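> Handing you this structure, nothing more for now.
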Amino acid sequence: MKIGIAGTGRMGAAIAQRLLSLGHEVTVWNRTAEKTRALAAAGAKVAATPAQAAVVSEAIITILTDAAAIDAAYHGKDGLLSATVSGRLFIEMSTVRPETERTLAGKVRAKGAAMIECPVGGSIGPAKDGKLFGFVGGEAADVARARPLLEQMCRRIEHVGPVGAGASMKLAINLPLLVFWQAFGEALTLCHPLGLDAARLVDIFSDTSGGPAVLKSRGPALTAALQGKEVGQITVDIDAMRKDLRTMVEEAGALGARLPVTSSALGCYEEASRAGLGKGDITAIPVRWMKLS
């Protein structure tokens with residue numbers, strides 16, 4: 005299948021690698037061209053503009069930083085929708101507010117194309133292995149059309165409603181995880197005086213109700229961070245998760261709701277970013293709090 009991918013950050017690049025490994029003809033575009041070089045070396049074609057990627061593709065996947073990046077990629081000069089895209093299938097995988105997805109879907113339909121959203125749970129490793137969790141929003145017929153491709157990227161696919169529903173679900177899924185990293189730092193503050201070995205401490209937490217599944221997958225990186233060592237490849241950085249937390253608070257406000265714990269966690273993430281840790285691994289959040297305390 006001819007697939008275009010707009011946005012080759014960590015997740016977009018990993019998804020592109022997965023699809024290349026399955027024999028698809030992949031054309032990539034990224035605002036920063038340097039991020040497409042490794043994919044070009046792996047066999048992907050590189051488009052000079054989003055429109056160029058759309059023209060040569062049957063399905064176009066977009067996985068972008070935020071609503072502003074979506075607007076630029078779709079509606080900017082030589083954007084995706086400036087091309088003739090009638091009959092194309094768009095799969096939008098960014099983590100943004102539901103209204104952003106609903107508005108975009110209307111504009112895609114006006115161009116004669118179809119769009120579903122499928123923000124995902126999982127990081128770089130699962131993306132490369134096709135083991136993401138897809139939270140899908142869209143019309144049933146469009147979801148059915150996209151399903152064969154989604155099944156090559158995801159271990160589980162949940163169609164949770166119309167366009168916008170996937171975005172709501174992804175924000176909800178991310179919320180307790182992001183709050184956890186700050187809460188874990190506060191928990192470490194209480195046991196830090198015990199002087200326990202970092203690996204032992206992480207192992208204890210991961211084997212109790214106080215430790216979610218992420219401690220098992222991120223345990224080695226967290227142990228390294230606690231020991232003051234390099235954590236290896238950064239799969240999730242603080243600034244990206246700070247953006248997600250802000251999006252959650254904004255969406256709750258639009259719904260007339262409050263998220264007091266999430267808002268407090270957002271403040272802590274913002275402090276970490278101001279301290280110069282924004283591009284660092286997410287494990288820096290609990291480690292920083294423990295050290296501050």
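In our numbering, the protein residues as written are 5 to 297. Even for Gly, the Cβ is constructed at its ideal location relative to N, Cα and C. Since we're looking at a predicted model, the values are computed, not measured.
Taking all protein chains shown into account, decide if residue 295 is buried (16 or more other Cβ within 10 angstroms of its Cβ) or exposed.
As a position in the sequence shown, residue 295 is number 291, starting the count at 1. Exposed is the call here.
> Here's the rule I'm using: 16 or more other beta-carbon atoms within 10 Å means buried, otherwise exposed. How should residue 58 be labelled?
Against the sequence shown, residue 58 aligns to sequence position 54. Burial call: buried.
> Is the beta carbon of residue 19 sitting closer than 8 Å to the one on residue 67?
Position 15 of the sequence shown holds residue 19. Position 63 of the sequence shown holds residue 67. Against a cut-off of 8 Å, the Cβ pair of residue 67 and residue 19 comes out as a contact.
> Give me the Cβ distance between residue 35 and residue 93, rounded to the nearest whole Å; I'm assuming they're in contact under 8 Å.
Position 31 of the sequence shown, counted from the start, is the residue given in the question as residue 35. Position 89 of the sequence shown, counted from the start, is the residue given in the question as residue 93. Not confirmed; about 23 Å, so no contact.
> For residue 1, report the span of its alpha helix (DSSP H) as first-last.
Within the shown structure, residues of the chain are numbered from 5 to 297, placing residue 1 beyond reach of any answer.
> Can you tell me the Cα-Cα spacing of residue 131 and residue 157, whole angstroms?
As a working note, residue 131 is residue 127 in the sequence shown. As a working note, residue 157 is residue 153 in the sequence shown. In a straight line, the C-alpha of residue 131 is about 7 Å away from that of residue 157.
> Leaving out the 5 sequence neighbours to the left and right, which residues in its chain are closer than 8 Å to residue 196 when beta-carbon positions are compared?
On the sequence shown, residue 196 is found 192 positions in, with the first residue counted as 1. Answer for residue 196: 294, 297, listed in chain order.
> Can you pull the DSSP bridge partners for residue 66?
The count along the sequence shown starts at 1 and reaches residue 66 at position 62. DSSP output for residue 66 lists 10, 96 as bridge partner(s).
> Specify, as a first and last residue, the run of the alpha helix (DSSP H) that residue 113 falls within.
Within the sequence shown, numbered from 1, the residue matching residue 113 stands at position 109. Residues 102–114.
> Does the Cβ-Cβ distance between residue 143 and residue 121 come in under 8 Å?
Your numbering for residue 143 matches position 139 in the sequence shown. Your numbering for residue 121 matches position 117 in the sequence shown. No.
> Using the Cα positions of residue 103 and residue 113, report the straight-line distance between them to the nearest angstrom.
One-based indexing of the sequence shown puts residue 103 at position 99. One-based indexing of the sequence shown puts residue 113 at position 109. Near 15 Å, if we compare the C-alpha coordinates of residue 113 and residue 103.
> What do you get for residue 90, buried or exposed, if any count of 16 or more other CB atoms within 10 angstroms of its CB means buried?
Within the sequence shown, numbered from 1, the residue matching residue 90 stands at position 86. Its Cβ having fewer than 16 others within 10 Å, residue 90 is exposed.
> If I'm right that residue 128 touches residue 65 with Cβ under 8 Å, what's the distance once you round it to whole angstroms?
The residue you call residue 128 lines up with position 124 of the sequence shown. The residue you call residue 65 lines up with position 61 of the sequence shown. Residue 128 to residue 65, Cβ: 16 Å. No contact.
> When you compare the stretch 223–231 with the stretch 196–211, are there three or more beta-carbon pairs, one atom per stretch, that lie closer than 8 Å?
Yes, the stretch 223–231 is in contact with the stretch 196–211.
> Please classify residue 279 as buried or exposed, where buried requires at least 16 neighbouring CB atoms within 10 angstroms.
As a working note, residue 279 is residue 275 in the sequence shown. Classification of residue 279: exposed, given that the 10 Å Cβ count is below 16.
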